[in-house]
Amino acid sequence: MQAHPSFDSGAIEAEPTPHTVRCLVCLEAIPAELALCPECGEPPHDAPASSAGSPGSVAPPPGGWLAMHWRPLVTMSAVGALIAAGIALRYLAPERFRSPLKLPVPAALEATCPEACWLGEACEEGRCLWRPPNDVGHLPVSLTVAGPFALPADVSDVIALDGERYAASHLLGVQFTSARTGESLSLVNDAPQVQRLFRVGSVVYASAPERIYVIDAATMSVLKSIEVGKPVTDFAIGTGGERVLAALPAARAVAVLATDHHAEVSRFFFGDDPIAAVALDDAGTRALAVNGDVPLLGLRPASHSLKFGAVFSFDPSRLPSAQDRVRTGADGNPAAVLAVPDSRSSFVVLRETDEVLPLGLIDGVTARREKPISTCRQPEQIVLVRSSRRALVRCNAGRAVDVLDLAENRVLRRIELNARVSDLVVSPDGKQALLALPRDGQGSIGILDLDTYELRLQELAGEPHRLRLTPDGRTVAVISDRTKSAWVLR
665 MQAHPSFDSG
675 AIEAEPTPHT
685 VRCLVCLEAI
695 PAELALCPEC
705 GEPPHDAPAS
715 SAGSPGSVAP
725 PPGGWLAMHW
735 RPLVTMSAVG
745 ALIAAGIALR
755 YLAPERFRSP
765 LKLPVPAALE
775 ATCPEACWLG
785 EACEEGRCLW
795 RPPNDVGHLP
805 VSLTVAGPFA
815 LPADVSDVIA
825 LDGERYAASH
835 LLGVQFTSAR
845 TGESLSLVND
855 APQVQRLFRV
865 GSVVYASAPE
875 RIYVIDAATM
885 SVLKSIEVGK
895 PVTDFAIGTG
905 GERVLAALPA
915 ARAVAVLATD
925 HHAEVSRFFF
935 GDDPIAAVAL
945 DDAGTRALAV
955 NGDVPLLGLR
965 PASHSLKFGA
975 VFSFDPSRLP
985 SAQDRVRTGA
995 DGNPAAVLAV
1005 PDSRSSFVVL
1015 RETDEVLPLG
1025 LIDGVTARRE
1035 KPISTCRQPE
1045 QIVLVRSSRR
1055 ALVRCNAGRA
1065 VDVLDLAENR
1075 VLRRIELNAR
1085 VSDLVVSPDG
1095 KQALLALPRD
1105 GQGSIGILDL
1115 DTYELRLQEL
1125 AGEPHRLRLT
1135 PDGRTVAVIS
1145 DRTKSAWVLR
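If you want my numbering, it's the position in the sequence shown, counting the first as 1, plus 664.
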């Protein structure tokens, strides 16, 4: 008998011969005379159904390969036809390659204001309207007066920190005092001989004869000192608070201080002109400096400010070596200066000629003199009122306050008073102006409503000379230089 061939991997790939058949299930070539496949146990396709063993569990397909695979073929053809139809319709669409049209901008979203609004304003219905911050206010109608509280005999300046504290500077240092009881809370003796106090955010700049101490208002401690070499007579800070200008008359210069790390970054020199007052616009790109002088009561100003008065315009955001200091003559003792937030105009107070001099800006640098505005006698201070785009001018000998329209360069109103005005502050919400009115051993605080210009007086048992308002505008410290005392109104 002939031996069966062995089934290995080579046999699987071998083609069937006339004496062999291929198994339907495992496709192995097996001898034709076998009834069952030795590999899978199924009969070959030509084996009779009645052969030994049960009939095959898998019957050969009646229609061949297409009968087994027609369903996936139909599905794939339908999906391909759908994709092809989408591509064809996409590229056969009319104006297929035209750029999409822009949607029209609603009229409510278009810029309708003819000029840029100031900081704190919003453009509504073609007008820039003042929107004060939510955390500021003004003094109430019914005031609570605390004091008088005794100040150090050699006090030089006072600043109101908040509703609970104020600080006074003298030779020994800076004394923090309770605004309710007048009790001394702390003495910062690391900052002696301080002459001026200026609030810069969360810190206080205390200027001494040769340096500026940086004092933390919350912890009442000295953070560092800035060496400037000369006394500081005036500070100016922009709305952003990134830069502070310090006037140094003895050095004939203005120092630019960075508030992020409290250091001097540059210094502008002005030849022989002793700079006494400075101003800075909201953008921090235009500064003004004047060489005027506000003398003590009964004294005459320096002859230099009378004969050679001038105002300088410069950019504190640039290096001094990269620009010129543009000098504009302002004879008549330029005692104060105001930089309007639009950075296109400014106003200089001429104390001895009883005028306010408007200055227009040419080519971004040069200041052009315009027609002077006549004011009350001896104007000494000009303060911006953002809520109405106006300014208040305080007059010493004239015993009045003038209201200026900054757009039309004219006096809108004059508020006559029964005493000279020694100081003037405006609340941060633009609702009130506070006036210090000393007279013959007593005096009062004038509270001027800036909407109706109605004035009411708060009498004090002493002469008020200086006013220091808290950042929120709800508390004011009143200082008497003659009696060395202070009141707190809230």
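Built from N, CA and C at the ideal position, the CB exists for glycine as well.
What would DSSP say about residue 642, mapped onto helix, strand or coil? Lying before the first or after the last residue shown, residue 642 is absent from the chain, which here runs from 665 to 1154.
Straight-line gap, residue 865 to residue 1140 (C-alpha atoms, nearest Å): 18 angstroms
Just to check my reading of the structure: residue 876 and residue 867 have Cβ atoms closer than 8 angstroms, yes? What is that Cβ distance to the nearest angstrom? In fact, because the Cβ distance is near 11 angstroms, the residues do not count as touching under 8 angstroms.
Between residue 965 and residue 800, what straight-line distance do the alpha-carbon atoms span, to the nearest angstrom? 37 angstroms
Under a Cβ-count criterion, where at least 16 other Cβ atoms within 10 Å of its own Cβ denotes burial, should residue 840 be classed as buried or exposed? buried
How about residue 976 and residue 1014: are their beta carbons less than 8 angstroms apart? no
Taking its Cβ as the centre, do 16 or more other Cβ atoms sit within 10 Å of residue 713, making it buried, or is it exposed? Its pLDDT being 44, under 50, residue 713 is placed unreliably in this model, and the value from its coordinates should be taken loosely. The residue in question, residue 713, is exposed, as its Cβ has fewer than 16 Cβ neighbours within 10 Å.
Could you tell me the alpha carbon to alpha carbon distance between residue 912 and residue 776, rounded to whole angstroms? 44 angstroms
Starting from the N-terminal side, write out each stretch of the beta strand (DSSP E) that is 3 residues or longer and does not extend beyond the region 832–869. 837–842, 848–852, 860–864
Comparing alpha-carbon positions, which option in 954, 961, 960 lies nearest residue 968? 954
Can you check which of these residues, 971, 972, 940, is closest to residue 958 by C-alpha distance? 940
Just the Cα atoms here: how many angstroms apart are residue 1152 and residue 809? 6 angstroms
Following the continuous alpha helix (DSSP H) through residue 784, name the residue where it begins and the one where it ends. Premise fails: residue 784 is in no alpha helix (DSSP H) and is neither H nor E.
If I'm right that residue 824 touches residue 1133 with Cβ under 8 angstroms, what's the distance once you round it to whole angstroms? 6 angstroms
Length at least 4, wholly inside the region 967–1036: the alpha helix (DSSP H) runs in chain order: 967–971
Less than 8 angstroms between the beta carbons of residue 970 and residue 992, yes or no? no
Kindly indicate which three-state DSSP category residue 739 falls into: helix, strand or coil? helix
Could you check if residue 747 is buried or exposed, using at least 16 other CB atoms within 10 Å of its CB as the buried criterion? exposed
Short check: CB of residue 1004 to CB of residue 1056, under 8 angstroms? no
So the candidates are 1051, 1006, 1073, 1040; which of them puts its Cα closest to the Cα of residue 1034? 1073
For residue 870, does the count of other Cβ atoms within 10 angstroms reach 16, so buried, or fall short, so exposed? buried
Could you tell me the alpha carbon to alpha carbon distance between residue 1138 and residue 813, rounded to whole angstroms? 19 angstroms
Cα-Cα separation between residue 772 and residue 988, rounded to whole angstroms: Because residue 772 sits at a pLDDT of 49, beneath the cut-off of 50, its placement in the model cannot be relied upon, and the point is left open.
Compute the Euclidean distance between the alpha carbons of residue 897 and residue 1145, then round it to the nearest angstrom. 18 angstroms
Mapping DSSP to helix, strand and coil, what is residue 715? With a pLDDT of only 42 at residue 715, under the threshold of 50, the placement of this residue in the model should not be trusted; the figure read from the coordinates follows. Three-state DSSP puts residue 715 in coil, outside helix and strand.
Locate the beta strand (DSSP E) running through residue 1142, then write down its first and last residues. 1140–1144
Rounding to the nearest angstrom, what Cα-Cα distance links residue 1124 and residue 1046 in this structure? 25 angstroms
Three-state secondary structure assigned by DSSP to residue 1152: strand
Extent of the continuous beta strand (DSSP E) to which residue 876 belongs: 875–880
What does residue 918 pair with, by DSSP beta-bridge criteria? 911, 932
Comparing alpha-carbon positions, which option in 826, 749, 837, 1114 lies nearest residue 817? 837
List the residues that DSSP assigns as beta-bridge partners of residue 830. 824, 841
Extent of the continuous beta strand (DSSP E) run through residue 883: Per DSSP, residue 883 belongs to no beta strand (DSSP E) and is neither H nor E.
Same chain, Cβ closer than 6 angstroms to residue 843, five either side skipped, listed in chain order: 828, 829, 830, 1152
Enclosing beta strand (DSSP E) for residue 791 [first to last residue]: 791–794
Among 885, 820, 1131, 857, nearest to residue 850 - alpha-carbon criterion: 885
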